[in-house]
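**Student:** By the working numbering, the letter at position 105 of the sequence shown is numbered 194, and the numbering carries on one by one without gaps.
All C-beta atoms in this analysis are idealised placements derived from N, C-alpha and C, irrespective of residue type, glycine included.
None of these values were measured; they are calculated from a predicted model.
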Amino acid sequence: MNSVPLPESILASDRRIVVTGLVTMTLLAWLYLLSGAGMNMDMSRMISLALLPRQSGMAVTSFVSWSIDYIVIVVLMWWIMMIAMMLPGAAPTVLLYARVIRQSSGSQSFKVNASVMCFITGYLLVWLVFSLLATGLQWWLEQQQWISMHLASRNAFLSAVILFLVGLYQLTPLKDACLRQCQAPAVFIVNHMKPGLFGALQMGLAHGVFCLGCCVLLMTLLFVGGVMNMLWIAVLMLFITAEKWLVNLRYLPGITGILLILWAFMVLILSAAA
90 MNSVPLPESI LASDRRIVVT GLVTMTLLAW LYLLSGAGMN MDMSRMISLA LLPRQSGMAV
150 TSFVSWSIDY IVIVVLMWWI MMIAMMLPGA APTVLLYARV IRQSSGSQSF KVNASVMCFI
210 TGYLLVWLVF SLLATGLQWW LEQQQWISMH LASRNAFLSA VILFLVGLYQ LTPLKDACLR
270 QCQAPAVFIV NHMKPGLFGA LQMGLAHGVF CLGCCVLLMT LLFVGGVMNM LWIAVLMLFI
330 TAEKWLVNLR YLPGITGILL ILWAFMVLIL SAAA
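#1: By the 10 Å Cβ neighbour count, where 16 or more other Cβ atoms means buried, how is W167 classified, buried or exposed?
#2: In whole angstroms, what is the alpha-carbon distance linking W234 and V153?
#3: The alpha helix (DSSP H) that contains A363, what's its start and end?
#4: Consult DSSP for H239 and reduce its assignment to one of helix, strand or coil.
#5: Apply the 10 Å Cβ neighbour rule to P274 and answer buried if 16 or more other Cβ atoms are within range, or exposed otherwise.
#6: Between F312 and S242, is the Cβ-Cβ spacing less than 8 angstroms?
#7: Quick one: grab the DSSP three-state call for K200.
#8: Checking 8 angstroms against the spacing of the C-beta atoms, do G211 and Q291 come in under that value?
#9: Comparing alpha-carbon positions, which option in S198, I162, C300 and L111 lies nearest E332?
#10: Among L222, L122, V163 and L184, whose alpha-carbon lies nearest the alpha-carbon of M174?
#11: Taking the alpha-carbon of S102 as reference, which of W352, Q232 and A187 has the nearest alpha-carbon?
#12: Tell me which residue opens and which closes the alpha helix (DSSP H) that M308 is part of.
#13: Could you have a look at W155 and say whether DSSP puts it in helix, strand or coil?
#14: Grouping DSSP H, G and I as helix and E and B as strand, with all else coil, what is S102?
#15: Could you check which residue in A362, V336, L341 and N318 has the C-alpha nearest to that of A126?
#16: Note down, in chain order, each residue of its chain lying with its Cβ closer than 7 angstroms to the Cβ of V183, except the 5 sequence neighbours on either side.
#17: Taking the alpha-carbon positions, what's the M171 to A295 distance?
#18: In three-state terms, what does DSSP make of G125?
#19: Taking all protein chains shown into account, do 16 or more other C-beta atoms lie within 10 angstroms of the C-beta of L240, making it buried, or fewer, making it exposed?
#20: With burial defined as no fewer than 16 other Cβ atoms inside 10 Å of the residue's Cβ, what is the status of F253: buried or exposed?
#21: Would you please state the rounded distance, in angstroms, between the beta carbons of I322 and T224? I believe it to be under 8 angstroms.
#22: With 8 angstroms set as the bound, which would you pick, yes or no: does the beta-carbon of E332 sit closer than that to a beta-carbon of chain B?
#23: Determine the direct distance from the alpha carbon of D158 to that of G288, and round the result to whole angstroms.
#24: Quick one: Cα of Q364 to Cα of I350, how far?
#25: Starting from A245, follow the alpha helix (DSSP H) in both directions and report where the run begins and ends.
#26: So, T113 versus L176, is the Cβ gap smaller than 8 angstroms?
#27: Kindly indicate which three-state DSSP category A273 falls into: helix, strand or coil?
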């Protein structure tokens, strides 16, 4: 792919457009979550869940009937939550991709914008598939009565298993391999560059798969702290973003993995002592 020298002002304009788009999508996703995400939960209840999770209806087990409409609402909730959590971490790759496309296409702004949109679409489609699977997992956990109406674990053993498995995965080569792809936008683009809008969609799908491999088990921690716990969601988003952006903190995943495993044993010990 040939590179076309361009004034920095054009590249800066592209950056502003892409950043504005990503920030807008992320903020809209957060606003939707804060509005209750269609789950009949007002702001006061979400704040209560964030600050006092164990006193916020954890014992209630009467759930909404799983109609087609409700399934759509739950899938949409998960997908928009993934947009809110995952777009910030993907921003460096999207920005670099926009620059590469601009330099290869000269002044064709339409091609740049369309390619970036296709890339983001592919990326988010991966998280839509995850959202479908997460909805199925949520349904199953509800049938077992292992989670509360606020979608937080009511079972110490379940919480411990989730914490242990996530901690263990943080220490695996697969986690490291996927994370490296997310941490190195230039390497990813060089290895996966494809021409055209369909190529951009394929690249977005590929990047989404790497991010999914990096973060999929981390998302199950939502069932420990509460899927509708906005503070917990924000903490996970910041951690996921830090893992991808702070490349020099090579031991962050490993340290986190060890801490999560220790947390799992602590949950079991406290549960046995209760």
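**Tutor:** Reading it off the structure:
#1: Counted from its first residue, the sequence shown places residue 167 at position 78. It is buried - the Cβ of W167 has at least 16 other Cβ atoms within 10 Å.
#2: Here residue 234 corresponds to residue number 145 of the sequence shown, with the count starting at 1. Here residue 153 corresponds to residue number 64 of the sequence shown, with the count starting at 1. For the record, residue 234 in the displayed sequence is Gln; it is not Trp. Whole-angstrom Cα-Cα distance: 13 angstroms.
#3: Residue numbering aside, residue 363 sits at position 274 when the sequence shown is read from its first letter. Segment: none, A363 is in no alpha helix (DSSP H) and carries neither H nor E.
#4: Here residue 239 is taken as the residue at index 150 of the sequence shown, counted from 1. Here H239 sits in coil by DSSP.
#5: For the purposes of this step, residue 274 is taken as residue 185 along the sequence shown, with counting starting at 1. P274 is buried by the Cβ-count criterion.
#6: In the sequence shown, residue 312 corresponds to position 223, counting from 1. In the sequence shown, residue 242 corresponds to position 153, counting from 1. Yes, they are a contact pair.
#7: What you label residue 200 is simply residue 111 of the sequence shown in a count that begins at 1. Looking at K200 - three-state DSSP - the assignment turns out to be helix.
#8: Here the question's residue 211 lines up with position 122 in the sequence shown. Here the question's residue 291 lines up with position 202 in the sequence shown. The answer is yes: Cβ separation under 8 angstroms.
#9: Along the sequence shown, read from residue 1 onward, the residue named residue 332 stands at position 243. That would be C300, whose Cα lies nearest to the Cα of E332.
#10: Working through the sequence shown from its first residue, we reach residue 174 at position 85. The shortest Cα separation from M174 among L222, L122, V163 and L184 belongs to L122.
#11: Start at 1 with the first residue of the sequence shown, and residue 102 comes out as number 13. Residue A187 is the option with its Cα nearest to S102.
#12: The sequence position of residue 308 within the sequence shown is 219, counting from 1. Unbroken alpha helix (DSSP H) run through M308: G285 to M308.
#13: Taking the sequence shown and counting its residues from 1, one reaches residue 155 at position 66. In this structure, W155 counts as coil in the three-state DSSP scheme.
#14: For this step, residue 102 is matched to residue 13 along the sequence shown. Note: S102 maps to helix in three-state DSSP.
#15: Numbered from 1 along the sequence shown, position 37 holds the residue referred to as residue 126. Ranking A362, V336, L341 and N318 by Cα distance to A126 puts N318 first.
#16: Indexing the sequence shown from 1 puts residue 183 at position 94. Once the five neighbours on either side are set aside, the close Cβ partners of V183 are V107, L111, V205, F208 and I209.
#17: Along the sequence shown, read from residue 1 onward, the residue named residue 171 stands at position 82. Along the sequence shown, read from residue 1 onward, the residue named residue 295 stands at position 206. In a straight line, the C-alpha of M171 is about 17 angstroms away from that of A295.
#18: Translated into the one-based positions of the sequence shown, residue 125 becomes position 36. G125 falls in the coil class under three-state DSSP.
#19: Against the sequence shown, residue 240 aligns to sequence position 151. When all chains shown are included, L240 counts as buried.
#20: Working through the sequence shown from its first residue, we reach residue 253 at position 164. Flag for F253 reads buried.
#21: Taking the sequence shown and counting its residues from 1, the one referred to as residue 322 is at position 233. Taking the sequence shown and counting its residues from 1, the one referred to as residue 224 is at position 135. That pair is no contact at about 17 angstroms.
#22: As a matter of chain content, chain B is missing from the structure shown, which is built from one protein chain.
#23: What you label residue 288 is simply residue 199 of the sequence shown in a count that begins at 1. What you label residue 158 is simply residue 69 of the sequence shown in a count that begins at 1. When rounded, the distance between both Cα atoms is 34 angstroms.
#24: In the structure as shown, the chain begins at 90 and stops at 363. Residue 364 is therefore absent and cannot be evaluated.
#25: Residue mapping note: residue 245 aligns to position 156 of the sequence shown, counting from 1. Unbroken alpha helix (DSSP H) run through A245: A245 to Q259.
#26: Taking the sequence shown and counting its residues from 1, one reaches residue 113 at position 24. Taking the sequence shown and counting its residues from 1, one reaches residue 176 at position 87. No; because the gap between Cβ atoms is not below 8 angstroms, this pair is not in contact.
#27: Locating residue 273 in the sequence shown gives position 184, where the first residue counts as 1. Residue state, collapsed to three classes: coil.
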